[in-house]
Amino acid sequence: MNQRYKVPSPRSQLVVVSEERKYPLDGIAVYYFKLNVKKMLTEDNVHRDLMVGMCDAMEEELISNFIQLLQHVYRPALESLLFFADEGPDKTRVYEEVLMAIQSLYSSLKVSENILKHDNTLLAQRQVDNLDLPNESKKRADFIRHPDTVAKAEKIATDWLSMIERENCESEMLRRDCDDDSPRDEIEYWKTRSTRLNLIQQQFNSPQVALVVQCLNVNRSKLMKRWVEALRKLTHCCHEANNNTLYLSDFENHCKTLYVWDPIRLLPTINQLLSTVRLICCVSLYYNTSERITSLLVKITNELIRSCRRHITSHGRETVWSRPASIVKPLLQDCLNLHTAYRSAYANMKQDLESYQKSVQQSQQNQQQAKEQSTLTCSEHSVFGKFDAFCARLRKIVRLYDVIDKHEILLKSRMEGLLQEEEVMDEILRRYHAAVKDITSRPYDYLNHRMLGFDQHMAEFEARLNDLKLYVGSYLERAYDPVWETAQAMRFLQKFQRIGRVIPVVAMEIKHNRILNQLLADMDRLSRVLAKFGDEPPIPNNFSPTTGKMMWCATLQRCLELRLEEHAPILHSETGRQVFRKYKNVLTTIVQLGNNHLRNWALLNVCSSIKFTF
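Residue numbers for the sequence shown, in UniProt numbering: 1 to 614.
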């Protein structure tokens, strides 16, 4: 520590700071802080609630130490308070603001670290110091024209030109981004480049640089032309970096919520975010190229995907299969809604840009020049490719949840009560649970759309499930084959229709035809009964002959109508039309028999005022 703050003890050079005072650091500092100021420290909780850190001002990694502190201590602590503690809306808003501020500080420190890692000073500075310029004007002129001085100046200028041209080439080269870069990485890059170029440009005003340039200019060195061109390009690059930093700094204010909010809260802000991108396209002098706007949109896409992953996994605390489907499926749908809103906002931005380009072309005299300046085409495949693949994976997971839910409902109901044998049911459950466990217990990340193994395992799961459904369907067909020629056929047909949406059974048309053929046979049998007992039907006990005959006809008519109503859903086929024609014929016969019995009764003058009506 600084000498004036040292404890005057011969044994130690230590300062303990426990109050809010500022001390300059020129040595090693060890700091302690409690995670919860309201909790007392004990031997049991000191390793959990007390954080210890160290920073060394003498090392080059001082900024890196603070970056790691923010990354691994402060930011996780605030995220745990923000995302996992129910503190109410007011405290949540404060946590969000503090977290955004820490993230901004983290970004600024990253920029400072990147600047310090690069050599931002003109090379051969010490060699310039070795050029001792005389004080007298005549000796100074002779010194500048001396061959040794010229050789040294050209050597120094060559080193400088190499550095400057390297910076100029970086502006002309197509920058390769990482696959998971965020908008913050783009902002940090241009802030770093702007600061680095400004530092280099400031050094041109130093006496050392002026001495070298004067020496080259007086001796008409061939490097002067190269120097002027490099300096012109560097000035252009500096203006470009400053301009891009200016607009991206404004964009940074709108994208801070990307790192904190979930897809539900991000949904209404997507239009405003892309409106800022559209403003950059229309106003910026250097950043309005297709490559840079596409790169920025790709980074926005990356951050939206990260936000969706945090939303689904509860910030890494859960997995896709660790919670019930009733909780996970709405989260997946939130992410799909965000994807739809993002595409819609992009379409609106593209339409606004096209309108702006048309207005610019109409206002310019040289329309071709205006078209070249304002035309902007983004690669939608690059912008939405990863998000589309990510959402395709989410849809597959939703479909998998739906498949599992459908089969579990059927299994809980024992296939609508059709599975009665315990051995068969146990075998079906064993095979089903084995298939589900195999697809849901894989070690990889299910949300990683690049993990193609999931598609293969999904296909294997569907194949195993299809085999199981074929087994169940064949068993049910064998077990209930005789039921289609019985009076309970329609009741079982409804159950087979419900499970037929999931379990493949024999074509329902075949079952319809078997039921209808049995109904035709029943009607034929009824026709034979009418022909045999129509005039003298069986009369129940305690009924008069006429009343018994009329009751017999009415009962047959009602039973026939109920049978037809029960089979009405399957009468749309050709066999069904035959059944309906047969029904009309039999019904006509029954009505005629009833009218005949009524007429005979009337002739007997038993009750001439009553008229039997069917």
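We treat Cβ as the ideally placed atom computed from N, Cα and C, and that holds for glycine.
Problem set entry | Paired residues, beta bridge with G53 - DSSP | Y31
For this session: Scan the region 429 to 484 and note each continuous alpha helix (DSSP H) run of 4 residues or more that stays entirely inside, going in chain order.
Result: 453 to 479
Problem set entry | Endpoints, the alpha helix (DSSP H) within which S108 is located | P89 to K117
Exercise. Does DSSP classify W287 as helix, strand or coil?
Worked result: A quick correction: the sequence has Tyr, not Trp, at residue 287. It is coil, neither helix nor strand.
Exercise. Mind checking M508: buried by the 16 CB within 10 Å criterion, or exposed?
Worked result: exposed
Problem set entry | Rounded straight-line distance, which links the Cα of L246 to that of A345 | 24 Å
Problem set entry | Entirely enclosed alpha helix (DSSP H) segments - the region 192 to 251, minimum 4 residues | 207 to 218
Exercise. Apart from the five residues just before and just after H457, which ones in its own chain have a Cβ nearer than 8 Å to its Cβ?
Worked result: D438, I439 and R442
For this session: Confirm, please, whether the CB-CB distance from E229 to Y286 is below 8 Å.
Result: no
For this session: Within 10 angstroms of the Cβ of R4, are there 16 or more other Cβ atoms? Answer buried if so, exposed if not.
Result: Residue placement at R4 cannot be trusted, given a pLDDT of 38 that sits under 50; the coordinates are not used to answer.
Exercise. How long is the line joining the alpha carbons of C553 and L516, rounded to whole angstroms?
Worked result: 23 Å
Problem set entry | Backbone CA spacing between L418 and E574 [nearest angstrom] | 30 Å
Exercise. Over what stretch of residues does the alpha helix (DSSP H) that includes E154 continue unbroken?
Worked result: P147 to E172
Exercise. Quick one: is F543 buried, meaning 16 or more other Cβ sit within 10 Å of its Cβ, or exposed?
Worked result: exposed
Exercise. Alpha carbon to alpha carbon, how far is T289 from N337?
Worked result: 29 Å
Exercise. If you draw a straight line from the C-alpha of F384 to the C-alpha of T340, how long is it?
Worked result: 11 Å
Exercise. For F390, which residues from the same chain have a beta carbon less than 6 Å from its beta carbon, with the 5 sequence-adjacent residues on both sides left out?
Worked result: I305 and H449
For this session: For residue 616, name the three-state secondary structure that DSSP assigns.
Result: Lying outside 1 to 614, the shown extent of the chain, residue 616 is not represented and no answer is given.
Problem set entry | Rounded C-alpha distance that separates W160 from L69 | 37 Å
Problem set entry | Nearest residue (CA-CA) to Y401, options M349, I327, S379 and D388 | I327
For this session: Sort E421, E291 and Y356 by Cα distance to T377 and report the nearest one.
Result: E291
Exercise. What residue does the alpha helix (DSSP H) around C391 start on, and which one ends it?
Worked result: E380 to K412
Exercise. With a CB to CB cut of under 8 Å and the five nearest residues on each side skipped, what residues in its chain are close to I428?
Worked result: L411, L419, L468, Y471 and V472
Exercise. Alpha carbon to alpha carbon, how far is L394 from A459?
Worked result: 16 Å
For this session: Have a look at S284, S295, R323 and L331 and flag the residue whose alpha-carbon is nearest the alpha-carbon of S307.
Result: L331
Exercise. If you drop the 5 nearest sequence neighbours on each side, which residues of the same chain put their C-beta closer than 8 Å to that of G534?
Worked result: T589 and L593
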